[in-house]
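One structure is given below, encoded as structure tokens.
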Amino acid sequence: MTKWLLVILLPFSAYSKTDNALYYYQQAQQLLKSDQTKALDLLEKSIAIAEVNENIEEFAKACYLAGCIYLVKDNQYNALKMFYDALKSKNDTIRSNAFNNIGVTFFKSYSYRKAVEFYLKALSLKQQLGEVKTIPAICRNLGMSFRYLEKYDSALYFHKKALAYYDRNINTEHYSLTLNDIGLVYKAECQYEYAIDTFQESIAMLVKGAPYYDERFLQATTNIGETYALIGMNDLAHEHFLKTLVYIDNFDHWTEFRLLNNLGSINKVKKQYDSAIYYYEQVVHLAAPGKTNMEDQEYVMAHEQLSFIYEYLGESSEAIALLRVLTTHHKQVLDKVANLDQLHKQYMAQLALYEIQVKQKQEKLESAKRLRVIISVAATISLMALAIFIIWLRKKLRNRIEEHQRRENIFVHWLESW
Numbered sequence: 000m001t002k003w004l005l006v007i008l009l010p011f012s013a014y015s016k017t018d019n020a021l022y023y024y025q026q027a028q029q030l031l032k033s034d035q036t037k038a039l040d041l042l043e044k045s046i047a048i049a050e051v052n053e054n055i056e057e058f059a060k061a062c063y064l065a066g067c068i069y070l071v072k073d074n075q076y077n078a079l080k081m082f083y084d085a086l087k088s089k090n091d092t093i094r095s096n097a098f099n100n101i102g103v104t105f106f107k108s109y110s111y112r113k114a115v116e117f118y119l120k121a122l123s124l125k126q127q128l129g130e131v132k133t134i135p136a137i138c139r140n141l142g143m144s145f146r147y148l149e150k151y152d153s154a155l156y157f158h159k160k161a162l163a164y165y166d167r168n169i170n171t172e173h174y175s176l177t178l179n180d181i182g183l184v185y186k187a188e189c190q191y192e193y194a195i196d197t198f199q200e201s202i203a204m205l206v207k208g209a210p211y212y213d214e215r216f217l218q219a220t221t222n223i224g225e226t227y228a229l230i231g232m233n234d235l236a237h238e239h240f241l242k243t244l245v246y247i248d249n250f251d252h253w254t255e256f257r258l259l260n261n262l263g264s265i266n267k268v269k270k271q272y273d274s275a276i277y278y279y280e281q282v283v284h285l286a287a288p289g290k291t292n293m294e295d296q297e298y299v300m301a302h303e304q305l306s307f308i309y310e311y312l313g314e315s316s317e318a319i320a321l322l323r324v325l326t327t328h329h330k331q332v333l334d335k336v337a338n339l340d341q342l343h344k345q346y347m348a349q350l351a352l353y354e355i356q357v358k359q360k361q362e363k364l365e366s367a368k369r370l371r372v373i374i375s376v377a378a379t380i381s382l383m384a385l386a387i388f389i390i391w392l393r394k395k396l397r398n399r400i401e402e403h404q405r406r407e408n409i410f411v412h413w414l415e416s417w
């Protein structure tokens, strides 16, 4: 609404055609870390001015940056709108980045197939541009999406492709993260020995290059604990979870909730229900449903496990209350996915129409150019024909004058002789 209000008011306000959208864009860039809300306001101005001035590149650049801010704020609907507008750019770097971030937005909204579709577009463009630095990150994104789609061969292919771009001695952290991703694929495939070996290799690299409590290290340790739990080695699993629990203050929310859920699961298996309820309830009270899909999964899992425990303990009212919360939550998730899907269809139709309009405009320009060439050639031919005609006419006149003079001379000569 604000954008369109600015578009309407701009021609009548202090802004004019001479205003530079780049100024507001640069101001917004400086505020990215300190004040994202103010940065978004400045980007709205930049977008509105660029639209009035019909400056597509400035418009797309500002839209892309606004989309990145919305993505960080987990406002996926607005992020998607901005990234789709950024696709109007003719700059393939902006377009490839927008494709990748549209993929990220869909990934965060559980739409893994759509995420793959846009990641592949981003990868194709990056390869054409030769922008090697960003290719491994896109490959990792593809690997994660294929893992969630249970297409494990494709997941391994892209994770190993990402690994090939990293030097293990220089890009230690990224190399280790990718190993961790590969371990998760093996774990999902039930290849538990390979998974544990890969997680341990990932940890060995992180110990060399990072503090013991590093977030990546804790994630890999938690992954090993989960794998041990899956093969029934609960004591080893519990040992790994307790090892990471000491550093819980260094976790991001998702890893914290994941660890608490794992501790709840181990205690549930051991039939230590009071401890299990304690850990699950921490997730229920701390997690923010709908914030990210990974946090969301932990939130749902805690509710499900708590309802099972309460039902087992004969506390049906508590179990039913938890399941009602889950039902409402699932409906909200489905509505969110449906809204994004509708937005996707709407913007894809708009982009198709925009591309047709751009093509028609180019065809008109080319047609006008061809017409100018034809007129120019016709004018040149006409001028040449006129020049030839004038030369021929002058020659004809000169011949007639000479003929007239010759006859006149003959007549004069005849008179003189007579």
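In numbering that gives the first Met the number 0, the protein residues as written are 0 to 417.
Beta carbons are placed, not taken as given, at the ideal position from N, Cα and C, and that holds for glycine.
In or out: residue i buried (at least 16 other Cβ within 10 Å) or exposed?
i    : result
C62  : buried
Y211 : Note that Y211 scores 46 on pLDDT, short of 50, meaning its location in the model is unreliable; the coordinates nonetheless yield the value given after this. The residue is exposed, with fewer than 16 neighbouring Cβ atoms inside 10 Å.
V411 : exposed
L229 : exposed
I400 : exposed
I387 : exposed
L259 : buried
Y309 : buried
G231 : exposed
L9   : Unreliable placement is indicated for L9, whose pLDDT of 41 sits below 50; the coordinate value is still reported in the next sentence. The residue is buried, with at least 16 neighbouring Cβ atoms inside 10 Å.
A301 : buried
S201 : buried
R369 : exposed
I46  : buried
Taking C-beta to C-beta, are residue i and residue j nearer than 8 Å?
i    : j    : result
I134 : K120 : no
L42  : Y24  : yes
N261 : S274 : no
L155 : I181 : yes
A27  : L64  : yes
L205 : T243 : no
T221 : T197 : no
L148 : R94  : no
N100 : Y118 : no
D91  : L128 : yes
E297 : F256 : yes
A161 : G142 : yes
A136 : N179 : no
V268 : N233 : yes
A49  : G66  : no
H173 : Y185 : no
Q35  : K72  : yes
Note the first and the last residue of the continuous alpha helix (DSSP H) segment covering residue i.
i    : result
E50  : Q35 to V51
G182 : T171 to A187
T133 : No alpha helix (DSSP H) contains T133, which DSSP labels as neither H nor E.
D152 : Y151 to Y164
K125 : Y111 to L128
V103 : D91 to K107
G231 : Note, G231: premise wrong, no alpha helix (DSSP H); not H, not E.
E56  : I55 to V71
V283 : Y272 to L285
Y76  : Q75 to A85
Q26  : A20 to Q29
Establish whether the CB of residue i and some CB of chain C are separated by less than 8 Å.
i    : result
L124 : Judged by its chain identifiers, the structure shown contains no chain C, having just a single protein chain.
Among the options, which has the Cα closest to the Cα of residue i?
i    : options                   : result
V115 : G129, Q127, G313 and F98  : F98
Y76  : G102, D91, I93 and K87    : G102
Q190 : A161, I202, I169 and Y227 : Y227
A187 : M81, M383, I223 and G66   : I223
L305 : L285, Q296, K269 and S264 : S264
S110 : S144, M81 and N90         : S144
Y246 : K270, V268, E225 and R215 : R215
T177 : L382, K159 and M300       : K159
T104 : L31, L86, K132 and N74    : N74
K32  : S45, E53, I68 and I46     : I68
N54  : T36, K72, A85 and L79     : A85
K89  : K80, Q404, R405 and K358  : K358
N170 : S153, R146, Q404 and K132 : K132
F106 : A203, M383, W391 and R146 : R146
Original post:
Is there contact here, the stretch 18 to 33 with the stretch 50 to 65, by at least three beta-carbon pairs under 8 Å?
Top reply: yes
Original post:
Would the stretch 274 to 283 and the stretch 228 to 240 be scored as touching if the rule is three or more Cβ pairs under 8 Å?
Top reply: no
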